[in-house]
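Numbering (this note's numbering), first residue to last: 4 to 437.
Ideal Cβ positions, reconstructed from N, Cα and C, are used throughout, including at glycine.
All remarks here apply to the structure that follows.
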Amino acid sequence: MGYIGSRSIALQQRAMKVAPLGVNSNFRYWGEGATLYMDKAKGAYLWDVDGKRYIDYRLAFGPIILGHSFDEVDRRVIEEIQRGTLAAMTYELEVALMEKIVEMCPAVEMARLACSGTEATMHAIRVARAYTGRELILKFEGNYHGFHDHTLWSTYAPAESYGSRRSPIPVPASSGIPKSMGEKIITLPFNDFEGFERMMKAYGEQIAAVITEPCQGNCGALDPQPGFLELIRKLATEYGAVFILDEVKSGFRFANGGAQEYYNIMPDMATYAKAMGNGYPVAAFGGRQEIMSIIGHGVAQGGTYTNNKAGVAAGYTTLCILQQQPVIETINQRGRRLMEGLNDIFEDNSIPAVFSGHPAMFSFAVGIEKPTCQREWTESERAYYLRLVEAALERGVMPDLDSREPWFLCYSHSDADIDETLNVFADVVKMVKK
Ligand SMILES: Cc1ncc(COP(=O)(O)O)c(C=O)c1O
Numbered sequence: 004m005g006y007i008g009s010r011s012i013a014l015q016q017r018a019m020k021v022a023p024l025g026v027n028s029n030f031r032y033w034g035e036g037a038t039l040y041m042d043k044a045k046g047a048y049l050w051d052v053d054g055k056r057y058i059d060y061r062l063a064f065g066p067i068i069l070g071h072s073f074d075e076v077d078r079r080v081i082e083e084i085q086r087g088t089l090a091a092m093t094y095e096l097e098v099a100l101m102e103k104i105v106e107m108c109p110a111v112e113m114a115r116l117a118c119s120g121t122e123a124t125m126h127a128i129r130v131a132r133a134y135t136g137r138e139l140i141l142k143f144e145g146n147y148h149g150f151h152d153h154t155l156w157s158t159y160a161p162a163e164s165y166g167s168r169r170s171p172i173p174v175p176a177s178s179g180i181p182k183s184m185g186e187k188i189i190t191l192p193f194n195d196f197e198g199f200e201r202m203m204k205a206y207g208e209q210i211a212a213v214i215t216e217p218c219q220g221n222c223g224a225l226d227p228q229p230g231f232l233e234l235i236r237k238l239a240t241e242y243g244a245v246f247i248l249d250e251v252k253s254g255f256r257f258a259n260g261g262a263q264e265y266y267n268i269m270p271d272m273a274t275y276a277k278a279m280g281n282g283y284p285v286a287a288f289g290g291r292q293e294i295m296s297i298i299g300h301g302v303a304q305g306g307t308y309t310n311n312k313a314g315v316a317a318g319y320t321t322l323c324i325l326q327q328q329p330v331i332e333t334i335n336q337r338g339r340r341l342m343e344g345l346n347d348i349f350e351d352n353s354i355p356a357v358f359s360g361h362p363a364m365f366s367f368a369v370g371i372e373k374p375t376c377q378r379e380w381t382e383s384e385r386a387y388y389l390r391l392v393e394a395a396l397e398r399g400v401m402p403d404l405d406s407r408e409p410w411f412l413c414y415s416h417s418d419a420d421i422d423e424t425l426n427v428f429a430d431v432v433k434m435v436k437k
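As structure tokens, then:
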């Protein structure tokens, strides 16, 4: 790998002796002798252990909305943790953070905090099951809702294993997930209007929740087709199922009010993490008061670290900055320039590429018509995408190697960073033969 340095290789060898694959998340492993190890990050940049600087478009898989080590957030975190990091007691800043979430997120009347997106979706699913007295969950292929067993089905298995579109087979994404959990899940291609109506007709009265990412942030940022989220809203209401919008990637990124504001859609519940804390461990789930208020009345939810001071202080400060400064506007403007610039480069080189997603979180797929679901996206030229990104990494531009993972932008990306990225891509596209 041209991008890898000797210190990354040495650190990986050391790490592999003590951790499986030498990482603490499978998603951070790019292969033996091919995985970068990090030294530090600041603003829009990340440095690897060999001292090489990258313009970072991975942004920790989305959390960094303002920039790495954003001074105002870090300052507030330091102030707060010096007054105690954790207590089994609720404090004022925690209440203020929940008030901010309720103020900013149109569908959230009440919220509870958590530490990660996985926890947020897991709790939301329990609450939806408890509220409806039902057990089935309907999710869409290619969507990822965290590592728990409830929805880690048909996320990134080869799409050929998903069976017919008419009767999709839920495929667990890991050994160790009990087969019996598969009896509680229905999977469908994203944007399948007819399939969704058919499934709701057949099982709607047994479905506790329909959960979806608004735009497939874990599969090429595939857009919802006009009317699809609205159809989910309509049929969930008709059949009494809870509509959970998983905003872990889109929340506080697509708009201050997340994807529900951006697409003007009102779910019953929504889940948040990532951009909410600019990189600190904080998450939330919330929704209609009628649903949320069953928690504590026979419905269990909690966690030792759900109110950890660092996460809460970072969350509160990040949300205040989002309200006070033109964060989303700036990101949108730079993201749009980057998408348009990349598109021009592909057009100039006669490379058929289609873009999807939002300027703050977008992807492109090469060699196919605009895909509507993971089954179609799978046909894109992913090996070519990988070679492009590997060449870009060598030149100091860092999107994820996996084309499912979108490009993320933050408030610290400057116009000069966008120019540099476009210059690199103009060269890379010429260099890498399709
Ligand atoms: C849409 C979505 N939901 C849930 C999760 C899980 O979040 P976490 O990694 O914080 O557990 C992710 C993580 O990428 C995600 O993208």
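If A313 sits next to N281, beta carbons under 8 angstroms apart, how far is it from one beta carbon to the other, in whole angstroms? Translated into positions along the sequence shown, residue 313 becomes position 310. Translated into positions along the sequence shown, residue 281 becomes position 278. Wrong, their Cβ atoms sit about 11 angstroms apart, outside the cutoff.
For A211, does the three-state DSSP call read helix, strand or coil? By one-based count along the sequence shown, residue 211 stands at place 208. In this structure, A211 counts as strand in the three-state DSSP scheme.
Residue interval of the beta strand (DSSP E) (run including D420): Counted from its first residue, the sequence shown places residue 420 at position 417. It is not in any beta strand (DSSP E) - D420 instead sits in the alpha helix (DSSP H) that spans D418 to M434.
Residues of its chain near R168, where Cβ-Cβ distance is below 8 angstroms and the 5 sequence neighbours each way are ignored: Residue numbering aside, residue 168 sits at position 165 when the sequence shown is read from its first letter. Closer than 8 angstroms at the Cβ level, and outside the excluded window around R168, lie P192, D195, G198 and R378.
Between the CA atoms of Q219 and L225 - distance to the nearest angstrom: Residue 225 sits at position 222 when you count from the first residue of the sequence shown. Residue 219 sits at position 216 when you count from the first residue of the sequence shown. Looking at the two C-alpha atoms, the distance is approximately 5 angstroms.
Report buried or exposed for N221, applying the criterion of at least 16 other Cβ atoms within 10 angstroms of its Cβ. For this step, residue 221 is matched to residue 218 along the sequence shown. The residue in question, N221, is buried, as its Cβ has 16 or more Cβ neighbours within 10 Å.
Taking 6 angstroms as the cut-off, is the beta-carbon of K312 closer than that to any non-hydrogen atom of ligand 1? If you number the sequence shown from 1, residue 312 lands on position 309. Checking every heavy atom of ligand 1 against the Cβ of K312, none is found closer than 6 angstroms.
Based on the DSSP output, what are the partners of V369 in its beta bridges? Residue mapping note: residue 369 aligns to position 366 of the sequence shown, counting from 1. Per DSSP, A356.
Looking only at its own chain, which residues have a Cβ that is under 8 angstroms from the Cβ of T93, when we skip the five neighbours before and after it? Translated into positions along the sequence shown, residue 93 becomes position 90. Contacts found: N310.
C-beta contact flag for I68 and A278 at 7 angstroms: In the sequence shown, residue 68 corresponds to position 65, counting from 1. In the sequence shown, residue 278 corresponds to position 275, counting from 1. Their beta carbons are under 7 angstroms apart, which means I68 touches A278 by this criterion.
Return the residue from the list Y266, T88, S9 and A117 that minimises the CA-CA distance to P284. Position 281 of the sequence shown, counting from 1, holds the residue named residue 284. The candidate whose alpha carbon is nearest that of P284 is A117.
Are at least three pairs of beta-carbons, each pair with one atom in the segment 131–142 and one in the segment 242–261, less than 8 angstroms apart? yes
When burial is assigned at 16 or more other CB atoms within 10 Å of the CB, is Q85 buried or exposed? Residue 85 sits at position 82 when you count from the first residue of the sequence shown. So Q85 ends up on the exposed side.
Using only CA atoms, which one of G306, F365, V302 and G54 lies nearest to L89? One-based indexing of the sequence shown puts residue 89 at position 86. Of G306, F365, V302 and G54, the residue nearest in Cα terms is G306.
So does D351 have its beta carbon nearer than 6 angstroms to some heavy atom of ligand 1? Within the sequence shown, the letter at position 348 stands for residue 351. No, since every heavy atom of ligand 1 falls outside the 6 angstroms radius drawn around the Cβ of D351.
Measuring CA to CA, which of T215, K45, E35 and R31 is closest to H416? In the sequence shown, counting from the first residue as 1, residue 416 sits at position 413. Ranking T215, K45, E35 and R31 by Cα distance to H416 puts K45 first.
Does DSSP put Y275 in a helix, a strand or coil? As a first step, residue 275 must be located in the sequence shown, where it is residue number 272. In the structure shown, Y275 sits in a strand (DSSP, three-state: E or B).
Taking Cβ positions, are T333 and Y265 nearer each other than 7 angstroms? Along the sequence shown, read from residue 1 onward, the residue named residue 333 stands at position 330. Along the sequence shown, read from residue 1 onward, the residue named residue 265 stands at position 262. No, the Cβ-Cβ distance between T333 and Y265 is not below 7 angstroms.
Own chain, CB closer than 8 angstroms to S253, minus 5 neighbours either side, in chain order: As a first step, residue 253 must be located in the sequence shown, where it is residue number 250. Once the five neighbours on either side are set aside, the close Cβ partners of S253 are E216, P217, C218, G220, G261, A262, Y265, H361 and M364.
For D420, which residues in the same chain have their Cβ closer than 7 angstroms to its Cβ, ignoring the five residues on either side in sequence? Position 417 of the sequence shown, counted from the first residue, corresponds to residue 420. Cβ neighbours of D420 beyond the five flanking positions: A47 and I58.
From the DSSP output, which residues share a beta bridge with D59? For the purposes of this step, residue 59 is taken as the residue at position 56 of the sequence shown. Paired residue(s): M401.
Could you give the distance in angstroms between the alpha-carbon of D74 and the alpha-carbon of Q328? The residue you call residue 74 lines up with position 71 of the sequence shown. The residue you call residue 328 lines up with position 325 of the sequence shown. Near 14 angstroms, if we compare the C-alpha coordinates of Q328 and D74.
Measure the C-alpha to C-alpha separation of S72 and L96 and round it to an integer number of angstroms. To locate residue 72, count along the sequence shown from 1; it is residue 69. To locate residue 96, count along the sequence shown from 1; it is residue 93. Each residue's alpha carbon lies about 21 angstroms from the other.
One question on the structure: do N335 and V432 come within less than 7 angstroms of each other, judged by their Cβ atoms? Walking along the sequence shown from the start, residue 335 turns up at place 332. Walking along the sequence shown from the start, residue 432 turns up at place 429. No, the pair does not count as a contact, with Cβ atoms beyond the cut-off.
Going by other Cβ atoms of all chains shown within 10 Å of its Cβ, with 16 needed for buried, is H148 buried or exposed? Within the sequence shown, residue 148 is the residue found at index 145, counting from 1. It is buried - the Cβ of H148 has at least 16 other Cβ atoms within 10 Å.
Does I180 come out as helix, strand or coil in the three-state DSSP assignment? Position 177 of the sequence shown, counting from 1, holds the residue named residue 180. I180: coil per DSSP, three-state reduction.
When you compare each of I235, A258 and F231 to L325 by their alpha carbons, which one comes out closest? Reading the sequence shown from its first residue, position 322 is the one you call residue 325. Of I235, A258 and F231, the residue nearest in Cα terms is A258.
Just mark G230 as buried or exposed, buried being the case when its beta carbon has 16 or more other beta carbons within 10 Å. Walking along the sequence shown from the start, residue 230 turns up at place 227. Exposed is the call here.
Just to confirm, are Q304 and H151 a CB contact at a threshold of 7 angstroms? Within the sequence shown, numbered from 1, the residue matching residue 304 stands at position 301. Within the sequence shown, numbered from 1, the residue matching residue 151 stands at position 148. No, they are not a contact pair.
With H, G and I counted as helix, E and B as strand and the rest as coil, what does DSSP make of H300? In the sequence shown, counting from the first residue as 1, residue 300 sits at position 297. Reduced to three states, the DSSP call for H300 is coil.
Is D249 near ligand 1, going by C-beta to nearest heavy atom under 6 angstroms? Numbered from its first residue, the sequence shown carries residue 249 at position 246. Indeed, a heavy atom of ligand 1 lies less than 6 angstroms from the Cβ.
Who are D249's beta bridge partners in DSSP? Sequence index remark: in the sequence shown, residue 249 carries index 246 (1-based). For D249, which the question treats as bridged, DSSP gives the partners T274.
Would you tell me roughly how many angstroms separate the C-alpha atoms of S406 and E233, rounded to the nearest one? To locate residue 406, count along the sequence shown from 1; it is residue 403. To locate residue 233, count along the sequence shown from 1; it is residue 230. Near 28 angstroms, if we compare the C-alpha coordinates of E233 and S406.
Using CA coordinates, which residue listed in E393, L322 and T158 is at the minimum distance from V174? Mapped onto the sequence shown, residue 174 falls at position 171. Comparing Cα positions, the closest option is T158.
On the DSSP bridge list, what partners appear for G149? Numbered from its first residue, the sequence shown carries residue 149 at position 146. BP columns for G149 are empty, so no partner.
Between which residues of its own chain and L238 is the CB-CB distance below 6 angstroms, once the five residues before and five after are set aside? Stepping through the sequence shown from its first residue, residue 238 is reached at position 235. So the qualifying residues of the chain are M203.
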